[in-house]
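Just so we're aligned: 1597 in my numbering is position 107 of the sequence shown, and the numbers increase by one with no gaps anywhere.
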Amino acid sequence: MTPTFNISFLSDTALADELQRKIDGKTKPLGALGRLERLALQVGRVQQTLEPALRQPAVLVFAGDHGVAAAGVSPFPQEVTRQMVLNFLAGGAAINVFARQNGMAVRVIDAGVNADFGALENLTAAKIAHGTRNFLEQPAMTREQCEAALVKGADIARREIERGCNVLGFGEMGIGNTSSAAILTSKLCGLPMEQCVGRGAGLSDAGLEKKQALLTAAMARYPDVHAPLDVLATFGGFEIAMMMGAMLAAAERRALLLIDGYICTSALLVAAHLCPAIKDYCVFAHESGEPGHAKQLAWLDVSPVLTLEMRLGEGTGAALVYPLVQAAVNFLNEMASFDSAGVSERAE
């Protein structure tokens, strides 16, 4: 049975007005802190308070393998997924570096890696299967597998929130997952494949042309697949489905969601089709260098905080945007007002 989530739009206009008055009353010209002011307003509305606080921030990194990788859609072998999971656990990946810098925990989840890790410290074992099937030949997941991944992701997010976390970043690892993201974007945003497919982990021109042809053929194989969860099950990955379940559960618990790049936004796309209110809880960290990401953001009608030409994944954008969210909360709570500082306000 497909899990359901109760996510409310942030519709308390009285609280929003109070927050805006508090922001406008700080010792600065109106709007002078730009995007930070909008972030402060958003966090206050998510937490339903004039004095928001960020507690025990964590990045959830979901890892899974993709059967389509066997078709050569990535320049890297599938084995890299397993190797990078071990790198995450050892603290040596980019996400580890940025998360340490900013005081964030990193939680690594085996959603469906094609490897047996055994009982490794700090690895959350949530494997649905040893990678998805090759969607060039058959649907990547059964509907039951897709729903199981959603449930497991939701449980992981809820446990993190029960430990005291109220701001979750999302990241992923999975060789071949930009292929899934490209098809999800094309199907859910109604865009031609050539606008959605990119070089992923660094394909050559010939590799990119081959990838586009393969993905176009895959879409043609399933012309009647349109419903969001059917699209996810047919073309997605276990890490994408599990991440989506975690996003929905986190928003339901009124946590702030830090959305990374192309793959993470693919999960968010499916979630937004089912629960449009989830966007109110999301900070879109950056615009990826992967070309389809700009199309996703445009369809969602959202603006990323950063543009750094990154396309790494792992949740790196989420970790890098977190200090700016901190700054927004800190100025809202700690910056003097015109009244408290005895500073004259602007004359009309």
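A virtual CB, placed ideally from N, CA and C, is assigned to each residue, including glycine.
DSSP links L1626 through a beta bridge to no other residue.
Straight-line spacing of the CA atoms in I1646 and A1736 works out to 7 angstroms. Judged by beta-carbon spacing, Q1568 lies within the 7 angstroms limit of I1665, meaning their Cβ atoms are closer than that value. Looking only at G1524, V1760, R1535, L1520, the smallest Cα-Cα distance to S1498 is reached by R1535. Going by DSSP, D1600 is part of the beta strand (DSSP E) stretching over 1595-1602. T1614 and P1547 have their C-alpha atoms roughly 17 angstroms apart. Burial state of A1619 is buried, judged by a 10 Å Cβ sphere holding 16 or more other Cβ atoms. When the five nearest sequence neighbours on each side are left out, the beta carbons in the same chain lying within less than 6 angstroms of the beta carbon of T1797 are those of E1777, in order along the chain. Under DSSP, no beta-bridge partner is assigned to K1769. Contact between F1828 and T1517 is confirmed by a C-beta separation of about 6 angstroms, below the 8 angstroms threshold. Each residue's CA atom was taken as its position, placing L1540 and L1531 some 9 angstroms apart. Counting of Cβ neighbours within 10 angstroms places N1496 among the exposed residues, the total staying below 16. Within its own chain, the residues whose Cβ lies closer than 6 angstroms to the Cβ of A1559, once the five positions on either side in sequence are excluded, are Q1568, I1665, G1666, listed in chain order.
When beta bridges are read from the DSSP output, M1663 appears opposite A1553.
Straight-line spacing of the CA atoms in R1648 and A1739 works out to 7 angstroms. The region 1583-1592 makes contact with the region 1802-1821; the number of CB pairs closer than 8 angstroms reaches 3 or more. Counted as a single uninterrupted DSSP element, the alpha helix (DSSP H) harbouring T1755 occupies residues 1752-1764. The region 1628-1639 makes no contact with the region 1673-1685, as fewer than three CB pairs between them are under 8 angstroms. Per DSSP, the unbroken beta strand (DSSP E) holding T1614 starts and ends at 1613-1615.
The shortest CA-to-CA distance from L1790 to any of L1523, A1710, A1767, L1705 is the one to A1767. Around the beta carbon of S1756, 16 or more other beta carbons lie within 10 angstroms, which makes this residue buried. With a cut-off of 8 angstroms on Cβ pairs, the region 1691-1711 is not in contact with the region 1603-1614, counting fewer than three such pairs.
Straight-line spacing of the CA atoms in D1714 and V1721 works out to 10 angstroms. Between T1622 and G1557, the CB-CB gap stays under 7 angstroms. Relative to the Cα of A1522, the nearest Cα in the group N1823, A1818, S1830, A1831 belongs to A1818. Assignment of H1716 by DSSP, reduced to helix, strand and coil, places it in the coil class.
Per DSSP, F1495 has no beta bridge partner at all. A contact is defined here as three or more CB-CB pairs under 8 angstroms, and the region 1741-1752 meets this definition with respect to the region 1761-1775. In terms of CA proximity to L1640, K1617 leads the group E1652, K1617, L1747, A1561. The Cβ atoms of V1792 and F1821 lie no closer than 7 angstroms to each other. Under the 10 Å beta carbon count, T1503 is surrounded by fewer than 16 other beta carbons and is classified as exposed. Pairing M1733 with F1660 gives a Cβ-Cβ distance under 7 angstroms. One Cα belongs to V1549, the other to C1655, and the distance between them is close to 10 angstroms.
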